[in-house]
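Novice: The structure is given below, and queries will be raised subsequently.
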Amino acid sequence: DTRDDSSVLQTMILQSLSVCLSVCYFLSFSFQGLEDVLKSQLLVQHIASEVIMNALTGFMNNDNPNKPLVLSFHGTTGTGKNLASQLIVKNIYKKGMDSRFVHYFNSVLQHWIRGNVTNCAHSMFIFADMDKMHPGLIDCIKPFMVHRQKLDGVSYRKAIFIFLSNAGGEILTQTTLDFWKAGKDRQEIKLKDVETALSSSVFNNHNSGLWHSSLIESSLVDFFIPFLPLEHWHVVQCIMDEMEARGLQPDPYKAFEMADEIVHYFPQDEGVFSVPGCKTIASRLSFLYVRLER
Numbered sequence: 125d126t127r128d129d130s131s132v133l134q135t136m137i138l139q140s141l142s143v144c145l146s147v148c149y150f151l152s153f154s155f156q157g158l159e160d161v162l163k164s165q166l167l168v169q170h171i172a173s174e175v176i177m178n179a180l181t182g183f184m185n186n187d188n189p190n191k192p193l194v195l196s197f198h199g200t201t202g203t204g205k206n207l208a209s210q211l212i213v214k215n216i217y218k219k220g221m222d223s224r225f226v227h228y229f230n231s232v233l234q235h236w237i238r239g240n241v242t243n244c245a246h247s248m249f250i251f252a253d254m255d256k257m258h259p260g261l262i263d264c265i266k267p268f269m270v271h272r273q274k275l276d277g278v279s280y281r282k283a284i285f286i287f288l289s290n291a292g293g294e295i296l297t298q299t300t301l302d303f304w305k306a307g308k309d310r311q312e313i314k315l316k317d318v319e320t321a322l323s324s325s326v327f328n329n330h331n332s333g334l335w336h337s338s339l340i341e342s343s344l345v346d347f348f349i350p351f352l353p354l355e356h357w358h359v360v361q362c363i364m365d366e367m368e369a370r371g372l373q374p375d376p377y378k379a380f381e382m383a384d385e386i387v388h389y390f391p392q393d394e395g396v397f398s399v400p401g402c403k404t405i406a407s408r409l410s411f412l413y414v415r416l417e418r
């Protein structure tokens with residue numbers, strides 16, 4: 125029942141922010157640290173990196189924000205949405221994803237992964253699988269996001285909400301493909317080239333979880349952040365990064381061969397973008413590395 129789920133979700137957030145502290149000892153936000161990690165691990169998503177950097181820095185340096193920071197990450201599978209949320213967490217909380225102040229929701233709200241009751245205003249709420257969430261359900265958190273001093277005696281203005289969704293991926297793919305066909309570098313794509321179309325696509329997508337959402341209608345989502353589809357050379361880089369992470373010697377030739385073998389590309393005629401992004405790299409690397417050694 126959607127109403128029951130809405131009640132569960134509201135209760136979770138109310139409990140998590142029930143007491144607000146002026147100083148949070150667990151914070152470890154570093155402008156330089158976030159900038160460095162985004163440049164090294166999210167370099168292929170230049171728009172997302174820049175928007176995340178500016179949005180987080182401005183918000184974290186504001187001792188008295190008007191409302192919570194609300195970010196909505198969009199893109200096809202394996203383009204770095206989950207990674208980006210993890211990088212944000214690791215650069216705000218000393219214990220990273222193990223922090224009791226980080227709350228992770230999947231599409232089934234009863235299966236709340238990080239359900240600890242907390243006592244700090246700087247809590248973070250990450251909503252994965254927005255595509256699987258019943259349309260309208262997410263609207264129940266609107267009271268926590270509006271511009272106000274307090275709700276039932278509690279301030280929520282320092283909280284951070286992040287939505288992860290594949291919705292809008294088609295728009296981002298088409299825009300990136302248009303640039304590619306025009307002989308333009310993907311780095312030339314700016315937020316203004318996709319933001320309006322992206323927010324409209326998400327709002328009108330029955331499967332987005334934000335379909336006709338009052339959060340969008342009321343302009344409560346601060347940034348719709350695009351994660352562009354990955355190309356062949358991105359997959360090669362992902363493979364080399366995974367090799368290094370496993371203590372193997374990164375081999376560009378072997379990585380190139382693997383990128384051709386383990387990944388399908390689309391659209392069918394052009395074959396420009398990786399269907400799974402970099403999502404399947406880790407699970408297949410060991411098998412292929414041994415096989416290609418023969």
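Letter by letter, the sequence shown follows residues 125 to 418 of this note's numbering.
Beta carbons: idealized from backbone N, C-alpha and C, even for Gly.
Values in this document were obtained by computation on a predicted structure and should not be read as measured data.
(1) Is I349 helix, strand or coil by DSSP?
(2) Put M248 into one of helix, strand or coil per three-state DSSP.
(3) Determine the direct distance from the alpha carbon of D222 to that of L344, and round the result to whole angstroms.
(4) Anyone know if the C-beta pair for H227 and S289 falls short of 7 angstroms?
(5) Would you kindly report the start and end of the unbroken alpha helix (DSSP H) that includes I171?
(6) Can you give me the start and stop residues for the alpha helix (DSSP H) that H358 sits inside?
(7) Residues in the same chain with beta-carbon distance under 7 angstroms from A383, minus the five sequence neighbours each way, listed in chain order, please.
(8) Which of the three DSSP states, helix, strand or coil, is assigned to F285?
(9) Just to check my reading of the structure: V175 and L315 have Cβ atoms closer than 8 angstroms, yes? What is that Cβ distance to the nearest angstrom?
(10) V194 bridges to which residues according to DSSP?
(11) Looking at C-alpha atoms only, which residue of Q392, T300, A406, I295 is the closest neighbour of A369?
(12) Looking at S325 and I295, is the spacing between their C-beta atoms short of 7 angstroms?
(13) Quick one: Cα of F411 to Cα of Q392, how far?
(14) Could you pull out every residue in the same chain whose Cβ sits closer than 7 angstroms to the Cβ of F183, ignoring the five residues on either side in sequence?
(15) Express the C-alpha separation of S247 and N185 in angstroms, rounding to a whole number.
(16) For V318, which residues from the same chain have a beta carbon less than 7 angstroms from its beta carbon, with the 5 sequence-adjacent residues on both sides left out?
(17) Would you kindly work out how many angstroms separate the C-alpha atoms of F303 and L354, rounded to a whole number?
(18) Taking Q210 as the reference, which of A252, L409, F348, T320 has the closest Cα?
(19) Please return the same chain residues whose Cβ sits closer than 6 angstroms to the Cβ of G401, not counting the five positions on each side in sequence.
(20) Which two residues bound the contiguous beta strand (DSSP E) that contains V226?
(21) What residues in its chain sit with their C-beta under 7 angstroms from that of L162, if we drop five residues either side in the sequence?
(22) For L372, which of helix, strand or coil comes out of DSSP?
(23) What is the DSSP secondary structure of S279, counted as helix, strand or coil?
(24) Give me the Cα-Cα distance between A291 and S332, rounded to the nearest whole angstrom.
(25) Where does L167 fall in DSSP's three states?
(26) Do F285 and M254 have their beta-carbon atoms positioned less than 7 angstroms apart in this structure?
(27) Below 8 angstroms on the Cβ atoms is my guess for L180 versus L158; work out the distance and round it to an integer in Å.
Specialist: So, from the data block:
(1) Along the sequence shown, read from residue 1 onward, the residue named residue 349 stands at position 225. DSSP places I349 in strand when its eight states are reduced to three.
(2) Counting from one through the sequence shown, the residue named residue 248 turns up at place 124. Strand at M248.
(3) Indexing the sequence shown from 1 puts residue 344 at position 220. Indexing the sequence shown from 1 puts residue 222 at position 98. If you take the alpha carbons of L344 and D222, they lie about 28 angstroms apart.
(4) Within the sequence shown, residue 227 is the residue found at index 103, counting from 1. Within the sequence shown, residue 289 is the residue found at index 165, counting from 1. Between H227 and S289, the gap from beta carbon to beta carbon reaches 7 angstroms or more.
(5) In the sequence shown, the residue the question calls residue 171 occupies position 47. Taken as a continuous stretch (DSSP letters only), the alpha helix (DSSP H) holding I171 covers 170-184.
(6) Translated into the one-based positions of the sequence shown, residue 358 becomes position 234. Per DSSP, H358 belongs to the alpha helix (DSSP H) from 356-369.
(7) Locating residue 383 in the sequence shown gives position 259, counting from the first residue. Taking C-beta separations shorter than 7 angstroms and ignoring five residues to either side along the sequence, the partners of A383 in its chain run H356, V359, V360, I363, following chain order.
(8) Walking along the sequence shown from the start, residue 285 turns up at place 161. DSSP, read as helix, strand or coil, puts F285 in strand.
(9) Reading the sequence shown from its first residue, position 51 is the one you call residue 175. Reading the sequence shown from its first residue, position 191 is the one you call residue 315. Contact between V175 and L315 holds: CB atoms are separated by about 6 angstroms, below the 8 angstroms threshold.
(10) In the sequence shown, residue 194 corresponds to position 70, counting from 1. Per DSSP, F285.
(11) By 1-based counting over the sequence shown, the position of residue 369 is 245. It is A406 whose Cα lies nearest to the Cα of A369.
(12) Residue numbering aside, residue 295 sits at position 171 when the sequence shown is read from its first letter. Residue numbering aside, residue 325 sits at position 201 when the sequence shown is read from its first letter. Inclusion of I295 and S325 in the CB contact set at 7 angstroms is warranted, their separation being smaller than that value.
(13) Position 287 of the sequence shown holds residue 411. Position 268 of the sequence shown holds residue 392. Rounded to the nearest whole angstrom, the C-alpha separation of F411 and Q392 is 27 angstroms.
(14) The sequence position of residue 183 within the sequence shown is 59, counting from 1. Closer than 7 angstroms at Cβ, skipping near neighbours: P189, L193.
(15) Working through the sequence shown from its first residue, we reach residue 185 at position 61. Working through the sequence shown from its first residue, we reach residue 247 at position 123. For N185 and S247, the distance between alpha carbons rounds to 15 angstroms.
(16) Locating residue 318 in the sequence shown gives position 194, counting from the first residue. I295, L296, T299, P350.
(17) Start at 1 with the first residue of the sequence shown, and residue 303 comes out as number 179. Start at 1 with the first residue of the sequence shown, and residue 354 comes out as number 230. Here the alpha carbon of F303 sits roughly 14 angstroms from the alpha carbon of L354.
(18) Here residue 210 refers to the residue found at position 86 of the sequence shown. Out of A252, L409, F348, T320, A252 has the C-alpha closest to the C-alpha of Q210.
(19) Against the sequence shown, residue 401 aligns to sequence position 277. The residues are T201, G202, T203, L354.
(20) Here residue 226 is taken as the residue at index 102 of the sequence shown, counted from 1. Start and end: 226-229.
(21) Counting from 1 along the sequence shown, the entry for residue 162 is found at position 38. Counting only Cβ-Cβ distances below 7 angstroms, and skipping sequence neighbours, we find S173, I176, M177, L211.
(22) Along the sequence shown, read from residue 1 onward, the residue named residue 372 stands at position 248. Looking at L372 - three-state DSSP - the assignment turns out to be coil, as it is neither helix nor strand.
(23) Counting from one through the sequence shown, the residue named residue 279 turns up at place 155. In the structure shown, S279 adopts coil according to DSSP, grouped into three states.
(24) For this step, residue 291 is matched to residue 167 along the sequence shown. For this step, residue 332 is matched to residue 208 along the sequence shown. Between the alpha carbons of A291 and S332 lies a distance of about 5 angstroms.
(25) Sequence index remark: in the sequence shown, residue 167 carries index 43 (1-based). Residue state, collapsed to three classes: coil.
(26) Along the sequence shown, one-based indexing puts residue 254 at 130. Along the sequence shown, one-based indexing puts residue 285 at 161. Cβ distance not < 7 angstroms, so M254 and F285 don't count as in contact.
(27) Here residue 180 is taken as the residue at index 56 of the sequence shown, counted from 1. Here residue 158 is taken as the residue at index 34 of the sequence shown, counted from 1. The Cβ separation is near 6 angstroms, so the contact holds.
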